[in-house]
Amino acid sequence: MNYIVFDLEWNQCPYGKERENKKIPFEIIEIGAVKLNEERKEIERFQQVIRPTVYHRLHFRTKEILNIDQETLEEGIPFSKAVRKFLCWCGEDVMFCTWGQADLVELQRNMKYYKLSHLLKGPVFYYDVQKIFGIEYEGNKSSRSLEYAIDYLQMKKEECFHRALHDAWYTAQIFASLPMEVITKNYSIDCYQNPKSKKEEIKVVFERYSKYISREFSSKEEATKDREVVSTRCFLCGKTARKKIRWFSLNSKIHICLAVCPEHGYLRGKIRLKKTDEGNYYVIKTIKKINDQEAELVKERRDLLRKKRREKRHQS
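Taking the working numbering, the leading residue of the sequence shown gets 88, the next gets one more, and so forth.
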């Protein structure tokens, strides 16, 4: 298996959000990638500039950030040709690696716009190097910049940032330096192409939590009434954990509960409701083992929300 460490640069509507194409708010203008073998040694590089067809002019922020000009863009090739060329270069039996979550989402969104989604079947399992860097060096899933990580690891800055190949190369250097046991335990799942049926649902167990990605539902209400969605099973022993605090909403998209496993103690459930481009919904549910102090914080959060809602009702 090879690792494909890639980075994208994109443009947005230069005339403001009100005039953007909602189906493609960010148009990819460059793909850069580094291919690593199983030993995480570099074996190939890929770079392709893409000629824009949706937003022909560069947004002022794009001009400020990217080291690329309009003339260079006009010399690029169409996205449909570029993405086919990229995926062909990747080959089979590969694992994608990116700095953060955004690149895979925008790659698939652009592919969907050009009716090319069939070329990359999802959900996509990948390594988020930004997340793994945070876990290894800061003890949590931080969102540090690529340049911060390079400085932290005292790596040489041989190229400028904010060009696709350069950023892919820097990401590859960080990826190659991380302990493999930490990497394999902390893979990510991109759900831009989410499960459509019960058979396609995803259930995985990580070291500290479990993750369930549901099929699609026609409404939020249907999703939050589904038995599998609202269940609280201990991921350590597989037994049903009794709810101490039933599911309550933090906002329209996030719900939390507190459950207790007789053998393993407190578990915090978290449901995130996701809306598809077509208007349906699916759920990403995590069950995480927590300590007594964290359990008390869940209770305090629930009580504070109740108090605020009572005060709001009295004021109306």
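Backbone N, C-alpha and C fix where the C-beta goes; we use that ideal spot for every residue, glycine too.
Check, Outcome
"Less than 8 Å between the beta carbons of Leu-160 and Val-121, yes or no?", "no"
"Measuring CA to CA, which of Pro-112, Tyr-274 and Trp-97 is closest to Lys-104?", "Pro-112"
"Do you know how far the Cα of Ile-115 is from the Cα of Val-170?", "10 Å"
"Is the beta carbon of Tyr-369 closer than 8 Å to that of Ser-306?", "no"
"With distances taken from CA atoms, which of Lys-372, Gln-195 and Asn-154 is nearest His-205?", "Gln-195"
"Give me the Cβ distance between Leu-265 and Phe-220, rounded to the nearest whole Å; I'm assuming they're in contact under 8 Å.", "7 Å"
"If you compare alpha carbons, which of Val-317, Lys-109, Pro-349 and Ala-310 is closest to Ile-343?", "Val-317"
"Could you tell me which residues DSSP puts in a beta bridge with Glu-131?", "Lys-122"
"Please name the residue, chosen from Lys-128, Asn-98 and Asn-154, that lies closest to Tyr-142 on a Cα-to-Cα basis.", "Asn-98"
"DSSP on Trp-176, reduced to helix/strand/coil?", "helix"
"Quick one: measure Cβ to Cβ for Leu-360 and Lys-386, integer angstroms, because I've assumed they're closer than 8 Å.", "That belief does not hold up - the Cβ atoms of Leu-360 and Lys-386 are roughly 23 Å apart, past 8 Å."
"Run the CB neighbour count on Ser-297, radius 10 Å, all protein chains shown included, and call it buried at 16 or more, exposed below.", "buried"
"Is there contact here, the stretch 209-228 with the stretch 272-283, by at least three beta-carbon pairs under 8 Å?", "yes"
"In the structure shown, what three-state DSSP assignment does Leu-345 receive?", "strand"
"Taking a contact to mean a Cβ-Cβ separation below 8 Å, would you say Ala-251 touches Leu-95 in this structure?", "yes"
"Applying the 10 Å Cβ sphere with the 16-neighbour rule, what's the burial state of Gly-356?", "buried"
"State buried or exposed for Phe-147, treating a residue as buried only when at least 16 other CB atoms are found within 10 Å of its CB.", "exposed"
"Once the 5 residues before and after Ile-358 are set aside, which same chain residues still bring their CB inside 6 Å of it?", "His-342, Val-370 and Lys-372"
"When DSSP labels each residue in this structure, what does Asp-215 get in the three-state scheme?", "strand"
"Whole angstroms are fine: how far does the CA of Gly-325 sit from the CA of Tyr-200?", "41 Å"
"Run through the DSSP bridge pairs and tell me what Leu-360 is partnered with.", "Val-370"
"If I follow the unbroken beta strand (DSSP E) through Trp-334, where does it start and stop?", "329-336"
"Could you spell out where the beta strand (DSSP E) holding Ser-297 opens and where it closes?", "296-300"
"Under DSSP, the alpha helix (DSSP H) around Met-267 begins and ends at which residues?", "267-272"
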